[in-house]
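Reading through the structure tokens given below for one structure.
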Amino acid sequence: MGAVVANLGKFLYLDRVNERPPFFRRWRTVYLLVLGNLLVLIVLFYLLTLRYA
Amino acid sequence: MSSLDWVVLGGTLLFIVVYGVWKTHGNRDMDNYLRGGNSMKWWTVGLSVMATQASAITFLSTPGQAFEDGLRFVQFYFGLPLAMVIISITFIPIYYRLKVYTAYEYLESRFDVRTRVLGASIFLVQRALSAGITIYAPAIILSSALGWPLSSTSLVIGVVVIAYTISGGTKAVSQTQKQQMAVMMGGMVVAGFMILHLLPPEIGLLDALEVAGSMGRLNAVSFEFDPSDRYNVWSGVLGGVFLFLSYFGTDQSQVQRYLTGRSITESRLGLMMNGLLKVPMQFFILFVGVLVFVFYQFYQPPLFFIEKGRETVQTSAYAPEWEALNENYDGLWNQKNTEIYQYLEYLELDDAPAAGLSRQKIKQLSEEEQKLKQSAKALVHQADPSLATQDYDYVFITFILTYFPEGLVGLLLAVILSAAMSSTASELNALSTTATVDLYRRLWKPDASDQHYVLVSRGFTLLWGSLALLFAMFASLAENLIELVNIIGSVFYGPVLGIFIVAFYIRWIQARAVFLAAIVTQGLVIALFFTTNVGYLWLNPIGVGLVIGIASLLQATFFRTDPAKTDTESPR
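Residue numbers (our numbering), protein chains in the order written: chain A, 1 to 53; chain B, 1001 to 1572.
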């Protein structure tokens, strides 16, 4: 597991010195946006479930 | 179907195909034919990735799943955004650096040609089986609902797709998928509004939600960890991330879509688009199914949705029992309908205790209704054991054909056929590319011209398309076709993803160890599937874990002196 995380970190570092995204300064921000969107959706769906449970 | 429906259906499909062929004819070199010349912008990549996954099964079966089981299937997709991020970080830069045509070319750089051929072969077997089902599944449902001959329906889907895929290659697939996605999503939005319009005038959207909620159809998210429960947040995120990592990261039918991007940035943004939109899209399709469910609380549906099943029982020795069941069902449905109106009235009066009691009664009547439906299915099975009894795949198509106005029926059929074509095209394109690049060029004829390989690729498209069509036209499969697609994927994806995870992240494991581990794991996963009751979603992480574990063991013991290999060279 440690090897997987270490290598993922290496790829993220390389992201900083390679192509930049068009909308934000770093790809990390784009990834956080996508994951944040997922969290928001899960919360909304959960609220829907609770409301009509 | 009316003349207007035929005009809408035919016109939509014809426009998509002719436009796609016109825009992409004349591709003569491999780069253009197999990678679209690396010219696609991110939104084309994103739409192509989404259209490839959204088959006709999505639009036929998913609303039916929500009708039967509510919204909880949306959790199945929770792992997808995380998988998109991991693929963007790791897989895409490597594929671009090595300038590969297929995902399996990378495996030769990292390991050896045997591992490459193994990965490619597993993909070819798995995807060839799925391609037949992608054509067969919608064909059998449409032919059953519309009375079309099954072989003709399969032919329409298969021949059209083969034609434009051969003609324009990857670019034709991507271009047509843009229009197909527009038709699919536009059609479903129209369907959603139409269903709301068809509800009784006194029933609005909020009332519809209350009715759906009272019968457990708005059960979108569950945080309970229950291994026997197929859909919850944990199985969706943990099990799903492995499935989607494998599907989007190692399955050539998806890899080929984002390798058409004009740069790493465009490919990544295409996947991010998928990561942002896929879950809401699936939620919306499920929600359409919930609205159909609500509609059928106010307009009585058939006890059993497959017409052939009903006709068979009615003309069999079980006809009297069938009549009695239907009489019971009529009474029960009317009781439930009355109670639902009463429930809505209590809500309006803000009488919470009375509303609570009414809701309990609705739930009870609903459960009795389910028992009647099970009895109906049992009767169908007794009358003719060869008939399908799982009828929720037919709910949405039955609803469209019965209640939608002229023109809209044609549009929704165009949605379903567009979805079938978009997925099949990606599959055939991927099958032919892998066969050409990983087998033919690598093992048999490495030094031919670009034009030769394009010709061979066209030939392979025709071959795989014909095989898939033959399978679709003459196979007679078990009733759970929709699950079969996911089961096939889950049985084969785990080992292939395991190979790629070792390739990307566990650098000390070398070729011989991973090759043997993958073969052993594939055998073990197949054995597990046939001999245990392990849920199919869990076969993915099991397969990955076994490859990593066995490969680690082999590398640390028998193969510890194998030299390390760097993957800086592009494969042949």
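Note that beta-carbon positions come from the ideal geometry of N, C-alpha and C, so glycine has one too.
Between the CA atoms of residue j and residue i - distance to the nearest angstrom
{"i": "S1002 (chain B)", "j": "M1273 (chain B)", "result": "38 Å"}
{"i": "I1016 (chain B)", "j": "F1078 (chain B)", "result": "32 Å"}
{"i": "V17 (chain A)", "j": "R1268 (chain B)", "result": "Note that V17 (chain A) scores a pLDDT of 49, beneath 50, so its modelled location is shaky; the value from the coordinates is reported in the next line. Going from the Cα of V17 (chain A) to the Cα of R1268 (chain B) covers about 16 Å."}
{"i": "E1479 (chain B)", "j": "L1142 (chain B)", "result": "For E1479 (chain B), the predicted model reports a pLDDT of 48, less than 50, meaning its position is unreliable; a value from the coordinates is still stated below. Their Cα atoms are separated by approximately 15 Å."}
{"i": "I1122 (chain B)", "j": "V1496 (chain B)", "result": "8 Å"}
{"i": "F1515 (chain B)", "j": "Y1164 (chain B)", "result": "37 Å"}
{"i": "T1561 (chain B)", "j": "M1421 (chain B)", "result": "50 Å"}
{"i": "D1450 (chain B)", "j": "S1235 (chain B)", "result": "45 Å"}
{"i": "A1220 (chain B)", "j": "K1171 (chain B)", "result": "37 Å"}
{"i": "W1006 (chain B)", "j": "S1144 (chain B)", "result": "18 Å"}
{"i": "S1552 (chain B)", "j": "V1491 (chain B)", "result": "22 Å"}
{"i": "Y1296 (chain B)", "j": "A1378 (chain B)", "result": "22 Å"}
{"i": "F1059 (chain B)", "j": "L1286 (chain B)", "result": "9 Å"}
{"i": "V43 (chain A)", "j": "Y1329 (chain B)", "result": "38 Å"}
{"i": "G1292 (chain B)", "j": "L1484 (chain B)", "result": "First, the residue type needs correcting, since residue 1292 (chain B) is Val and not Gly in the sequence shown. So the two alpha carbons sit approximately 25 Å from each other."}
{"i": "F1073 (chain B)", "j": "Q1364 (chain B)", "result": "24 Å"}
{"i": "K1308 (chain B)", "j": "G1020 (chain B)", "result": "38 Å"}
{"i": "I1542 (chain B)", "j": "I1087 (chain B)", "result": "20 Å"}
{"i": "G1289 (chain B)", "j": "H1197 (chain B)", "result": "15 Å"}
{"i": "V1008 (chain B)", "j": "E1427 (chain B)", "result": "27 Å"}
{"i": "D1251 (chain B)", "j": "V34 (chain A)", "result": "22 Å"}
{"i": "E1406 (chain B)", "j": "A1212 (chain B)", "result": "28 Å"}
{"i": "A1430 (chain B)", "j": "D1350 (chain B)", "result": "58 Å"}
{"i": "F1223 (chain B)", "j": "A53 (chain A)", "result": "14 Å"}
Interface partners of residue i on chain B, CB under 8 Å
{"i": "V40 (chain A)", "result": "Under the 8 Å cutoff, chain B gives no residues; its nearest Cβ is about 10 Å from V40 (chain A)."}
{"i": "F45 (chain A)", "result": "L1071, V1074, A1220, V1221, F1283"}
Reference residue i; option with closest CA among the options
{"i": "I1157 (chain B)", "options": "B:L1209, B:D1562, B:G1465", "result": "B:G1465"}
{"i": "G1046 (chain B)", "options": "B:I1203, B:R1072, B:L1276, B:G1020", "result": "B:L1276"}
{"i": "V1160 (chain B)", "options": "B:F1504, B:M1473, B:S1418", "result": "B:S1418"}
{"i": "A1103 (chain B)", "options": "B:G1309, B:I1526, B:T1260, B:F1295", "result": "B:T1260"}
{"i": "I1506 (chain B)", "options": "B:K1565, B:A1448, B:Q1522, B:V1485", "result": "B:K1565"}
{"i": "M1473 (chain B)", "options": "B:F1111, B:I1340, B:S1151, B:S1375", "result": "B:S1151"}
{"i": "A1575 (chain B)", "options": "B:L1365, B:E1108, B:T1265", "result": "In the structure displayed, chain B extends from 1001 to 1572; residue 1575 (chain B) sits before or after that span and is not available."}
{"i": "F1471 (chain B)", "options": "B:K1041, B:G1037, B:G1119, B:A1128", "result": "B:A1128"}
{"i": "N1326 (chain B)", "options": "B:Y1346, B:L1372, B:G1356", "result": "B:L1372"}
{"i": "P1280 (chain B)", "options": "A:Y52, A:R51, A:V40", "result": "A:V40"}
{"i": "E1202 (chain B)", "options": "B:G1010, B:F1298, B:V1173", "result": "B:F1298"}
{"i": "D1391 (chain B)", "options": "B:Q1179, B:A1517, B:P1302, B:L1243", "result": "B:P1302"}
{"i": "F1111 (chain B)", "options": "B:A1518, B:Y1247, B:G1545", "result": "B:A1518"}
{"i": "R1217 (chain B)", "options": "B:G1011, B:T1402, B:I1362, B:E1345", "result": "B:I1362"}
Three-state class that DSSP yields for residue i in the structure shown
{"i": "G1070 (chain B)", "result": "coil"}
{"i": "V1001 (chain B)", "result": "First, the residue type needs correcting, since residue 1001 (chain B) is Met and not Val in the sequence shown. Residue state, collapsed to three classes: coil."}
{"i": "A1478 (chain B)", "result": "With a pLDDT of 47 at A1478 (chain B), under the threshold of 50, the modelled position of this residue cannot be trusted, and the question is left open."}
{"i": "G1216 (chain B)", "result": "coil"}
{"i": "G1249 (chain B)", "result": "helix"}
{"i": "F1284 (chain B)", "result": "helix"}
{"i": "D1029 (chain B)", "result": "coil"}
{"i": "P1149 (chain B)", "result": "coil"}
{"i": "T1102 (chain B)", "result": "coil"}
{"i": "T1573 (chain B)", "result": "Here chain B covers residues 1001 to 1572 and nothing more, so residue 1573 (chain B) does not appear."}
{"i": "V1017 (chain B)", "result": "helix"}
{"i": "N37 (chain A)", "result": "helix"}
{"i": "R1560 (chain B)", "result": "coil"}
{"i": "K1565 (chain B)", "result": "coil"}
{"i": "P1138 (chain B)", "result": "helix"}
{"i": "G1331 (chain B)", "result": "helix"}
{"i": "S1144 (chain B)", "result": "helix"}
{"i": "S1490 (chain B)", "result": "helix"}
{"i": "N1326 (chain B)", "result": "helix"}
{"i": "T1315 (chain B)", "result": "coil"}
Under 7 Å from the C-beta of residue i: neighbouring residues of chain B
{"i": "T49 (chain A)", "result": "L1218, N1219, A1220, V1221"}
8 Å Cβ cut-off: residues of chain A touching residue i
{"i": "P1280 (chain B)", "result": "L41"}
{"i": "V1233 (chain B)", "result": "I42"}
{"i": "G1213 (chain B)", "result": "R51, Y52, A53"}
{"i": "P1320 (chain B)", "result": "Within 8 Å Cβ-Cβ: nothing; P1320 (chain B) doesn't reach chain A, min ~40 Å."}
{"i": "P1081 (chain B)", "result": "V34, L35, N37, L38"}
{"i": "L1209 (chain B)", "result": "Y52"}
Contacts that residue i makes with chain A (C-beta to C-beta distance below 7 Å)
{"i": "L1276 (chain B)", "result": "V34, N37"}
{"i": "I1264 (chain B)", "result": "E19"}
{"i": "M1272 (chain B)", "result": "V30, V34"}
{"i": "M1084 (chain B)", "result": "V34"}
Bridge partners - residue i, DSSP secondary structure assignment
{"i": "M1473 (chain B)", "result": "Answer is none; M1473 (chain B) lacks a bridge partner."}
{"i": "M1040 (chain B)", "result": "B:G1261"}
Beta-carbon neighbours of residue i, restricted to chain A and to distances below 9 Å
{"i": "F1078 (chain B)", "result": "L38, L41, I42"}
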